[in-house]
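In this note's numbering, each number is its position in the sequence shown, counted from 1, plus 1443. Written out below as structure tokens is the structure these notes cover.
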Amino acid sequence: MRDKPLDLTKEQRVIKSPRQIQELAFKLRSQGDSIGLVPTMGALHEGHLSLVRAAREENKAVIVSVFVNPGQFGPHEDFNSYPRNLEQDTQLALRAGADLIFAPAAADIYPDGYQNFVAPGPLAQGLCGAKRPGHFRGVCTVVLKLLQLTAASRAYFGQKDAQQLRVIQQMAKDFDLEAQIKGLPIVREADGLALSSRNIYLNEEERQQSTILFQSLRLAQDLIAAGQRETNTISRQIKQHINQAPLARLDYLEIVDWADLQPLKQLTGQILIALAVYFGATRLIDNIILDA
Ligand code: PAF
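Right under this line is the structure:
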């Protein structure tokens, strides 16, 4: 049943202090209210808003965190240029049904003398983990902190970051976290491009060619539906297809088991086909989860 948003003043809706959000969250939980957390790095789009709406349906209170986490960016990645617009994000999140925005400063999340980081296991090693060393260490550390600070009953993640979802589910299981980790479907543009805050980096030509990610996943889906089970054959066809987009540079293509993210030779059970493709300096990811 959908709960009404909390009765808060405008000033109470954007909280920057970790202690303040924690006090409020603990108060809500002690009076029996459930809390849904939507962790984001801001630059909110329909994909994020679909998570906010889902959280609104299932919880008494909905918190959207907006924090561009320095801990998950590599030294040559886009931390500095990552789009930031807290005012717009606040409006979008509140309109979609959030009660509160938690937007801490980096110095509050990682104060001087900060020492402890989560060391994720094998699920974090392949796919994006292999290409972005330290990325999931940063993601897990901040997500663990956000779950703690917001006392979340449920936390909502998009399946576009499929490996992230699996890694966080495993962390929640291994650390006996109370929060239920929920994964929601990818939201796409009409032409199939998965929504991402990084899509704004694409120029017109790159944007046109970026549909190659979704098209190649559809091609794989069609091959599997027609009975193809050989990973090598499917991979070869996907790569040939991606090569048709002159501006696309494949970073990786992996066909793995959805449970353990280990590569498969023959497809069976629930599988994840995941790929990362560069257009210039912009790295896009997409995936499909299928029953083979
Ligand atoms: O998916 C993201 O936007 C980030 O990795 C997350 C989960 C908010 C952690 O910083």
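Quick reminder that beta carbons are idealized off the backbone N, C-alpha and C, glycines included.
Near the ligand PAF: residue i beta-carbon under 8 angstroms from a heavy atom
i, result
"PRO1706", "no"
"SER1736", "This structure does not reach residue 1736, given that the chain is present from 1444 up to 1735, and the question cannot be answered."
"THR1593", "no"
"PRO1628", "no"
"PHE1522", "no"
"PHE1510", "yes"
"GLY1564", "no"
"VAL1585", "yes"
"MET1484", "yes"
Option nearest residue i by Cα separation, candidates the options
i, options, result
"VAL1507", "ILE1464, TYR1557, TYR1721, PRO1576", "ILE1464"
"ILE1732", "ASN1528, LEU1627, ALA1546", "LEU1627"
"ASN1528", "ASP1542, THR1483, ALA1594, GLY1635", "THR1483"
"VAL1610", "GLU1466, ALA1504, ASP1703, ILE1728", "ASP1703"
"ILE1728", "THR1674, PRO1563, SER1640, GLY1670", "SER1640"
"THR1659", "GLN1602, GLN1651, LEU1718, MET1614", "One detail in the question is off: residue 1659 reads as Ser in this sequence, not Thr. The candidate whose alpha carbon is nearest that of SER1659 is LEU1718."
"ALA1492", "GLU1454, ILE1629, LEU1620", "Per the sequence shown, residue 1492 should be read as Leu rather than Ala. For the residues GLU1454, ILE1629, LEU1620, the minimum Cα distance to LEU1492 belongs to ILE1629."
"ALA1486", "TYR1644, ASP1694, GLU1621, LEU1696", "TYR1644"
"ASP1542", "VAL1582, ARG1456, ALA1605, PHE1560", "ARG1456"
"GLY1581", "ALA1549, GLU1530, LEU1666, TYR1599", "ALA1549"
"GLY1670", "THR1711, GLU1530, PRO1689", "THR1711"
"GLY1601", "GLN1515, GLU1621, GLN1612", "GLN1612"
"ARG1692", "GLN1568, SER1653, ASN1675, GLN1705", "SER1653"
Closer than 9 angstroms to chain E by CB, residue i
i, result
"LEU1471", "Protein chain content of the structure displayed is limited to a single chain, and chain E is not contained in it."
Beta-carbon spacing of residue i, residue j below 9 angstroms
i, j, result
"THR1533", "VAL1509", "yes"
"GLU1632", "PHE1722", "no"
"GLY1517", "HIS1578", "yes"
"ILE1714", "ASP1700", "yes"
"VAL1586", "MET1614", "yes"
"ALA1605", "ASN1730", "yes"
Three-state secondary structure (DSSP) of residue i
i, result
"GLN1713", "strand"
"ARG1672", "coil"
"ALA1469", "According to the sequence provided, residue 1469 is Phe. The question's Ala does not apply to it. Here PHE1469 sits in helix by DSSP."
"TYR1721", "strand"
"ARG1575", "coil"
"LEU1449", "coil"
"TYR1599", "strand"
"LEU1627", "strand"
"PRO1526", "coil"
"VAL1699", "strand"
"ALA1546", "coil"
"PRO1689", "coil"
"ALA1637", "strand"
Beta-carbon separation (whole angstroms), residue i vs residue j, contact threshold 8 angstroms
i, j, result
"ARG1399", "LYS1625", "Lying outside 1444 to 1735, the shown extent of the chain, residue 1399 is not represented and no answer is given."
"ASP1476", "ALA1504", "6 angstroms"
"LYS1708", "LEU1696", "Contact doesn't hold; Cβ gap of about 15 angstroms is too wide."
"PHE1545", "ILE1458", "5 angstroms"
"LEU1620", "LEU1590", "6 angstroms"
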